[in-house]
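What follows is a single structure, written as structure tokens, with notes after it.
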Amino acid sequence: MELIRGLHNLREKHRGCVATIGNFDGVHLGHRQVLKQVKAKAEELGLPSVVITFEPQPREFFAGDKAPPRLTRFSEKYRLLAAEGIDRHLCLTFNERLRAMTADDFVEELLLRGLAVKHFVVGDDFRFGCDRSGDYSMLRAAGDKHGFSVVNTQTFLSADERVSSSRVRKALENNQLDIAEQLLGRPYVVSGRVMHGQKLGRQLGVPTANVRMHRFPCPLRGVYAVEVVGENVRCKGVCNVGLRPTVGGQQPVLEAHLFDFNKDIYGQLLTVEFKHFIRAEQKFDGIEQLKQQIFKDIDDVRAFFACARS
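Structure representation (structure tokens):
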């Protein structure tokens with residue numbers, strides 16, 4: 547899948563396509579229904595399929611650190627979109643210029659001059675342009691005027707409720723991993739490279755792989771049974787996601803103790819798949835109490851996997 551970063555990198559070869567637009571955070575079942583529709587129309591017309599997203603996401607631009615946690619980092623979103631067979635991913639920088647762009651300019655600069663869209667698929671609640679002044683009706687009118695078709699996707703339901711990124715996020719924040727998996731169509735995972743940490747786990751006899759999260763705050767908090775996959779890693783383990791209050795942590799971290807594993811994996815990309823919630827994060831009175839709890843967590847996770855096999 548070709549990645550195009552910004553309007554300024556669009557070329558003549560990118561004109562003529564079937565496109566859709568949105569955050570696509572999580573690339574859940576509702577998103578995948580939209581992508582399926584885009585692919586089918588692109589194949590019918592013999593054109594490339596294009597997904598347009600934003601970095602940062604608009605809510606992050608407006609709310610900053612108060613924005614809700616992402617379900618997927620940009621790199622994870624890219625891989626998920628590519629797995630759906632999308633031809634091109636246009637990532638627009640959401641900045642003050644894009645925020646101030648009128649709905650008319652949005653159509654002119656992006657859909658007409660930039661992409662020469664022939665068919666545009668939008669979500670059931672899509673709004674665009676400065677102050678969200680553009681809507682589906684305006685797009686339809688623009689399409690009639692300039693010769694491109696526009697369709698509004700039907701809401702995708704699960705258990706009689708709309709599938710949305712907010713609903714997935716709520717399930718994860720409530721540690722309802724099974725519900726999140728149903729909405730995503732796959733288990734929830736976090737990917738990142740292993741970085742050097744404080745080596746506290748090693749000192750306690752339980753070395754951990756610290757997965758770099760950068761600006762990406764995970765919607766999960768607590769201790770989990772996980773399965774971890776990497777270049778030369780495939781094993782089960784126990785994972786803590788949180789601030790590590792016992793040792794005065796300030797930034798959320800993801801650290802996983804891998805069972806029966808003792809290799810140097812610094813710098814490797816790991817994918818952590820969350821299987822079961824064990825307990826909430828808590829502050830202990832000291833390192834010794836923390837150590838005792840860690841070993842209990844390990845026993846609880848091993849017991850979970852033993853029951854899952856039987």
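Residue numbers for the sequence shown follow the working numbering, beginning at 547 and rising by one.
Glycine included, every Cβ here is placed at the ideal spot set by N, Cα and C.
It is roughly 8 Å from the alpha-carbon of Tyr624 to the alpha-carbon of His635. In the three-state DSSP reduction, Leu657 falls in the helix class (H, G or I).
Between Val757 and Leu816, the gap from beta carbon to beta carbon is short of 8 Å. Sorting Asn721, Leu729, Asp724 and Leu723 by C-alpha distance to the C-alpha of Ser710 places Leu729 at the top. In this structure, the CA atom of Glu719 is about 11 Å from the CA atom of Phe823. Proximity of the stretch 589-607 to the stretch 562-576 meets the contact definition, three or more beta-carbon pairs being nearer than 8 Å. Measuring C-alpha to C-alpha distances from His665 to each of Pro615, Leu591 and Gln700 identifies Leu591 as the nearest.
When the alpha-carbon of Arg855 is set against those of Gly813, Lys782, Glu834 and Arg825, the nearest one is in Lys782.
Nearest to Phe672 by alpha-carbon distance, out of Leu575, Glu654, Val696 and Met547, is Val696.
A straight-line Cα-Cα distance of about 13 Å links His577 and Ala629. In the same chain as Arg715, and ignoring 5 residues on each side of it, the C-beta atoms closer than 7 Å to its own belong to Pro614, Pro615, Leu617 and Pro765, in chain order.
Secondary structure within the stretch 614-667: the beta strand (DSSP E) runs of 3 or more consecutive residues, fully enclosed, are 634-639 (chain order). Gly813 is positioned such that its CB atom lies no closer than 8 Å to that of Gly788.
Contact between Val752 and Ile840 is confirmed by a C-beta separation of about 6 Å, below the 8 Å threshold.
In this structure Ser683 is exposed. Its beta-carbon is surrounded by fewer than 16 other beta-carbon atoms within 10 angstroms.
Burial state of Asn555 is exposed, judged by a 10 Å Cβ sphere holding fewer than 16 other Cβ atoms. Of all alpha-carbon atoms in Gln722, Phe674, Ala802 and Val668, the one lying nearest the alpha-carbon of Thr699 is that of Val668. Burial check for Phe608: the Cβ neighbour count within 10 Å stays below 16, so the residue is exposed. Taking Gly675 as reference, the option from His742, Leu661, Glu707 and Ala649 with the minimal CA-CA separation is Ala649. The beta-bridge partner set that DSSP reports for Cys563 consists of Val663. Out of Arg713, Asp677, Gln797 and Val818, the CA that lies nearest to the CA of Val784 is found in Val818. Taking the Cα positions, Phe620 is about 22 Å away from His560. Of the candidates Gly552, Asn778, Ala688 and Pro604, Pro604 places its Cα closest to the Cα of Asp677.
Counting along the chain, no alpha helix (DSSP H) covers Arg780; the unbroken beta strand (DSSP E) around it starts and ends at Val779 to Gly788. In this structure, Val663 sits near Cys563, with a CB-CB distance shorter than 8 Å.
Where Met741 is concerned, the enclosing beta strand (DSSP E) starts and stops at Val735 to Met741.
Between Ile844 and Val740, the C-beta gap is not smaller than 8 Å, which leaves the two residues out of contact. For the pair Glu601 and Thr639, the Cα-to-Cα distance works out to about 5 Å. Here DSSP, grouped into helix, strand and coil, assigns Ile840 to helix.
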